[in-house]
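Quick notes on the structure that follows.
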Amino acid sequence: MTMSEILWTFIAFYSLFVLIYFVMINSGYLILLFLGIDEVLFHSRKPDFDICDREGCKLVPGITIIVPAYNEEKIISESVKSLLDLDYPRVEVLVVNDGSSDNTLEELKRNFKLIEITREIDEKIDTVPLRAIYNSIEEKRLTVIDKENGGKADALNAGLSYARTELVLAIDADTLVEKDALQKLVRKYMRTDSRVVALGGIVRVLNNCQVISSEVTKAKLPKKFLPAMQVMEYIRAFLFGRSGWSRINSLPIISGAFGLFERKALMEIGGYRTTTVGEDIDAVVRLHKKMKEKKEEYDISFLPDPVCWTQVPEKRKTLSGQRSRWQRGLIETLTYNKEMIFNPKYGKLGVYALPFFLFFEMFGPIIEMTGYIMFIIFFLLGVFSLPYFLLFLTVAVIFGVLISLSSLFLAELTLKRYEDPIDRLKLLLLAVLENFGYRQLHTVWRVKGTIQFLRKESKWGEMDRSEI
C-alpha cells in the first residue's frame with residue numbers, strides 16, 4: 000500500500016470509530032435522561048409526611064454532621080451556627096480540625112467556648128494522631144476534634160469513630176444546608192423498606208446568592224462567567240446524571256459536599272479510603288460492593304430535593320485543579336474496584352454504571368482531545384471534510400443543548416430556585432455557550448487529571464474561600 004492509501008484507510012477507520020463512539024455515548028446519555036426525568040417526576044409526586052409521630056420525635060434517627068475543616072477560619076463559625084440551627088429534632092455537629100495552619104480552631108474556641116473532654120468509643124478507624132477533643136459549654140450538640148493533618152478522608156474517619164448516632168451527614172465546611180433538608184432526607188430513609196445505606200441531595204451554587212443569617216434567601220446567578228457556567232453544569236450533573244443512575248439503584252457517587260450515610264455501613268467497609276482524592280465516589284462504590292457480597296437488599300439514592308449550597312471556584316486555575324482532581328479520583332476509584340467492572344455479581348452497577356464511567360467518563364476526555372488533535376492534523380494535510388465536520392459538530396451541540404435544557408426544565412419543575420426571568424434567560428444562553436470553549440477547557444483539565452494519575456501525583460489543591 001502507498002502512503003496515501005494508508006492515510007485514507009486510517010482516516011476511514013478513525014472516522015468510523017469516532018462515529019460509533021459518538022452514537023454509543025449519546026445513546027447512553029439519552030437513556031440516562033429518560034431515567035432521570037422519570038426519577039425526578041416520581042419524587043415530585045411523593046407526598047410529604049411529618050417525621051415526628053404523636054409520641055414526639057423519639058423514633059427519628061439521630062444525625063451527626065461531620066465537618067472536615069482545613070484552614071476555614073473565614074467561614075467556620077457561621078457554618079457551624081447554620082448547622083446547629085437546622086430544622087431537625089436530633090442533630091449533633093462534629094467539626095474535625097484537620098491540622099489547620101490558620102486560626103480555624105481559635106475561631107471555634109472563641110465563638111463556642113470549647114472545653115477539652117474525653118470520649119469513649121466502641122469502634123475506631125485508624126487515623127493520624129488526635130491532639131484533643133472539645134465540647135462547647137454553650138452548645139452541647141457541638142463537638143470539635145483537633146488532629147494532625149491527614150486529609151479530608153482521614154478527617155471524615157475521625158468523625159466516624161467519634162459519632163454516636165445512627166446516621167452521619169458528610170459535608171464541606173463551606174456548605175449551607177437548607178433548614179428542612181435533613182427532614183427530606185430522613186423521610187426517604189424512614190419510608191424505604193430495604194436498608195438505606197446512603198442518600199444524596201442536590202448541590203447548588205452559592206456564589207452571588209443572597210444570604211441572610213447563613214440562609215439562602217434568594218438564588219441569583221453569579222455575575223462572573225466561570226461560576227455561572229458551573230450553575231448549568233451542576234444542574235445537569237445532578238438532575239440528569241445522578242437521578243438516572245438512582246432510578247435503577249446503581250448510583251456510583253454521592254457528593255462529598257452533601258451525603259447522608261448509615262454510620263454502621265461506613266464502619267463495615269473500614270471508613271473512607273485515605274489513598275484517593277475521590278473518597279466520596281470510592282466509598283459509595285465500596286458500599287454497593289459490600290451490600291452485594293452480603294446479598295442484602297439495600298438502597299443508595301439521590302433525591303432532587305433537599306438542597307445544599309456550596310461555593311464554587313471563580314478562578315480558572317482553581318477550577319482547573321478541582322476538575323483535574325475529580326478526574327483523578329474517578330480513575331483511582333475504578334482502579335481500586337476494577338474487579339467490579341462488567342461483573343454481574345454486582346448487579347446493574349457492575350454491568351452498566353461502572354463500564355459507562357470507564358468508557359465515557361474516564362476515556363472520554365482522552366478520545367475527545369485526540370479528536371481535536373486529529374482535526375488539526377487532517378486540516379494541515381488537506382484531507383479535512385468540512386461538511387462532515389460541520390454536520391458532526393451541529394449534531395453534538397444540539398444533543399448537548401437538549402440534555403442541558405431538559406435538566407433546566409426539571410430544575411424549574413421541581414425546585415424553582417431562580418425567580419429572576421433574566422437569570423433564567425442567561426441559563427438558557429449558557430446551555431448553548433458551554434459547548435464553545437468551556438467544554439473544551441473542561442476536557443483539557445480532565446486529561447490533565449489523567450496525566451496526574453499516571454504520574455502518581457497525590458496533591459489535593461487549594462480552594463478559594465470567601466465569607467458566608
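Counting from 0, one number per residue, gives the positions in the sequence shown under numbering that gives the first Met the number 0. Backbone N, C-alpha and C fix where the C-beta goes; we use that ideal spot for every residue, glycine too. None of these values were measured; they are calculated from a predicted model.
Whole-Å CB distance - Ile299 paired with Leu250, under 8 Å assumed: As a first step, residue 299 must be located in the sequence shown, where it is residue number 300. As a first step, residue 250 must be located in the sequence shown, where it is residue number 251. 5 Å between Cβ atoms; contact.
Ile65 vs Val167 beta-carbon contact at 7 Å: As a position in the sequence shown, residue 65 is number 66, starting the count at 1. As a position in the sequence shown, residue 167 is number 168, starting the count at 1. Result yes, Cβ atoms of Ile65 and Val167 sit closer than 7 Å.
Short Cβ contact (7 Å threshold) for Gly35 with Ile124: Taking the sequence shown and counting its residues from 1, the one referred to as residue 35 is at position 36. Taking the sequence shown and counting its residues from 1, the one referred to as residue 124 is at position 125. No, the Cβ-Cβ distance between Gly35 and Ile124 is not below 7 Å.
Span of the beta strand (DSSP E), counted from its first residue to its last, around Arg130: Walking along the sequence shown from the start, residue 130 turns up at place 131. It spans 129-135 - the beta strand (DSSP E) in which Arg130 sits, taken as one unbroken run.
DSSP-derived helix/strand/coil call for Gly436: Within the sequence shown, the letter at position 437 stands for residue 436. DSSP places Gly436 in helix when its eight states are reduced to three.
Assigned exposure category for Lys455 - 16 Cβ within 10 Å defines buried: On the sequence shown, position 456 is the one that residue 455 refers to. Result: exposed.
Beta-bridge partners of Glu115, as assigned by DSSP: What you label residue 115 is simply residue 116 of the sequence shown in a count that begins at 1. For Glu115, which the question treats as bridged, DSSP gives the partners Tyr133.
Closest Cα partner of Gln310 within the set Glu4, Ile10, Glu71: Within the sequence shown, residue 310 is the residue found at index 311, counting from 1. Checking every option, the nearest Cα to that of Gln310 belongs to Glu71.
Continuous beta strand (DSSP E) assignments of at least 3 residues falling wholly in the segment 196-235: Within the segment 196-235, the complete beta strand (DSSP E) runs of at least 3 residues are 209-211, 214-217.
CB of Trp95 within 7 Å of CB of Ala154, strictly: Translated into the one-based positions of the sequence shown, residue 95 becomes position 96. Translated into the one-based positions of the sequence shown, residue 154 becomes position 155. Looking at the sequence shown, residue 95 is not Trp but Val. Contact annotation: Val95 and Ala154 have beta-carbon atoms nearer than 7 Å.
Length of the line joining the Cα atoms of Ser213 and Lys73: The residue labelled residue 213 in the question sits at position 214 within the sequence shown. The residue labelled residue 73 in the question sits at position 74 within the sequence shown. Distance between Ser213 and Lys73, taken at the CA atoms: about 13 Å.
When Leu6, Lys294, Ile30, Trp459 are compared against Thr273, the one with the closest alpha-carbon: As a first step, residue 273 must be located in the sequence shown, where it is residue number 274. Per the Cα distances, Trp459.
DSSP state of Ser100 mapped onto helix, strand, coil: Stepping through the sequence shown from its first residue, residue 100 is reached at position 101. In the structure shown, Ser100 sits in coil (DSSP, three-state: anything other than H, G, I, E or B).
Distance CB(Trp444)-CB(Ser319) smaller than 7 Å: Your numbering for residue 444 matches position 445 in the sequence shown. Your numbering for residue 319 matches position 320 in the sequence shown. Annotated as proximal: Trp444 and Ser319, with beta-carbon spacing under 7 Å.
The segment 331-342 / the segment 354-363 touching (three or more Cβ pairs under 8 Å): Yes, since at least three Cβ pairs between the segment 331-342 and the segment 354-363 fall closer than 8 Å, the two stretches touch.
DSSP state of Val446 mapped onto helix, strand, coil: Counting from one through the sequence shown, the residue named residue 446 turns up at place 447. Val446 falls in the helix class under three-state DSSP.
Same chain, Cβ closer than 6 Å to Tyr437, five either side skipped, listed in chain order: The residue you call residue 437 lines up with position 438 of the sequence shown. The answer, listed in chain order, is Met228.
Which of helix, strand or coil DSSP assigns to Ala169: Taking the first residue of the sequence shown as 1, we reach residue 169 at position 170. Ala169: strand per DSSP, three-state reduction.
Close beta carbons around Arg416, own chain, < 6 Å, minus the five adjacent residues each side: By 1-based counting over the sequence shown, the position of residue 416 is 417. Closer than 6 Å at the Cβ level, and outside the excluded window around Arg416, lie Ala218.
The ligand SAH heavy atom lying under 6 Å from the CB of Tyr297: The ligand SAH is not among the ligands present in this structure, which contains no ligands whatsoever.
Short Cβ contact (7 Å threshold) for Glu91 with Thr63: In the sequence shown, counting from the first residue as 1, residue 91 sits at position 92. In the sequence shown, counting from the first residue as 1, residue 63 sits at position 64. In terms of Cβ geometry, Glu91 and Thr63 form a close pair [threshold 7 Å].
Beta-carbon spacing of Ser442, Glu367 below 7 Å: On the sequence shown, position 443 is the one that residue 442 refers to. On the sequence shown, position 368 is the one that residue 367 refers to. Before going on, a small fix: residue 442 reads as Thr here, not Ser. Taking a C-beta distance under 7 Å as the contact criterion, Thr442 and Glu367 qualify as a contact pair.
Alpha-carbon to alpha-carbon, Ser403 and Asp281: As a position in the sequence shown, residue 281 is number 282, starting the count at 1. As a position in the sequence shown, residue 403 is number 404, starting the count at 1. The alpha-carbon atoms of Asp281 and Ser403 are separated by roughly 27 Å.
Segment limits, beta strand (DSSP E) that includes Thr63: To locate residue 63, count along the sequence shown from 1; it is residue 64. Here the beta strand (DSSP E) through Thr63 covers 62-68.
Classification of Gln326 by the beta-carbon crowding that lies within 10 angstroms, buried from 16 upward: Position 327 of the sequence shown, counted from the first residue, corresponds to residue 326. Buried, because 16 or more other Cβ atoms sit within 10 Å of the Cβ of Gln326.
Coil, strand or helix - Thr142 by DSSP: Position 143 of the sequence shown, counted from the start, is the residue given in the question as residue 142. In the structure shown, Thr142 falls within a strand segment according to DSSP collapsed to helix, strand and coil.
Residues near Leu104 by beta carbon distance below 7 Å, same chain, minus five either side: Residue mapping note: residue 104 aligns to position 105 of the sequence shown, counting from 1. Here Leu104 has Asn96, Asp145 as same chain residues with Cβ atoms under 7 Å from its own Cβ, once five neighbours each way along the sequence are excluded.
Residues of its chain near Glu54, where Cβ-Cβ distance is below 8 Å and the 5 sequence neighbours each way are ignored: Position 55 of the sequence shown, counted from the first residue, corresponds to residue 54. Low confidence applies here, because Glu54 scores a pLDDT of 48, under 50, leaving its location unreliable; read the following figure in that light. No residues qualify anywhere along the chain.
Opposing strand residues paired with Trp325 [DSSP bridges]: For the purposes of this step, residue 325 is identified with residue 326 of the sequence shown, where counting begins at 1. None, per the DSSP bridge assignment.
Three-way DSSP call (helix, strand, coil) for Tyr271 in this model: Position 272 of the sequence shown holds residue 271. In this structure, Tyr271 counts as coil in the three-state DSSP scheme.
Backbone CA spacing between Ala68 and Thr126 [nearest angstrom]: Locating residue 68 in the sequence shown gives position 69, counting from the first residue. Locating residue 126 in the sequence shown gives position 127, counting from the first residue. Roughly 15 Å separates the two Cα atoms.
C-beta contact flag for Ile234 and Ala430 at 7 Å: What you label residue 234 is simply residue 235 of the sequence shown in a count that begins at 1. What you label residue 430 is simply residue 431 of the sequence shown in a count that begins at 1. For Ile234 and Ala430, no; Cβs fall outside 7 Å.
Selected residue, minimal CA-CA separation from Arg324, among Asp279, Trp308, Gly346, Cys208: As a first step, residue 324 is located in the sequence shown; it is residue number 325 there, counting from the start. Among Asp279, Trp308, Gly346, Cys208, the Cα nearest to that of Arg324 is on Asp279.
Reference Val400; option with closest CA among Ser160, Phe435, Glu115, Ile375: Along the sequence shown, one-based indexing puts residue 400 at 401. Checked all of Ser160, Phe435, Glu115, Ile375; the closest Cα to Val400 is Phe435.
Under the three-state DSSP convention, the category Asp84 falls into: Locating residue 84 in the sequence shown gives position 85, where the first residue counts as 1. Coil.
contact_flag[the segment 15-33, the segment 386-401] where n(CB pairs < 8 Å) is 3 or more: The answer is yes - the segment 386-401 touches the segment 15-33, with three or more Cβ pairs under 8 Å.
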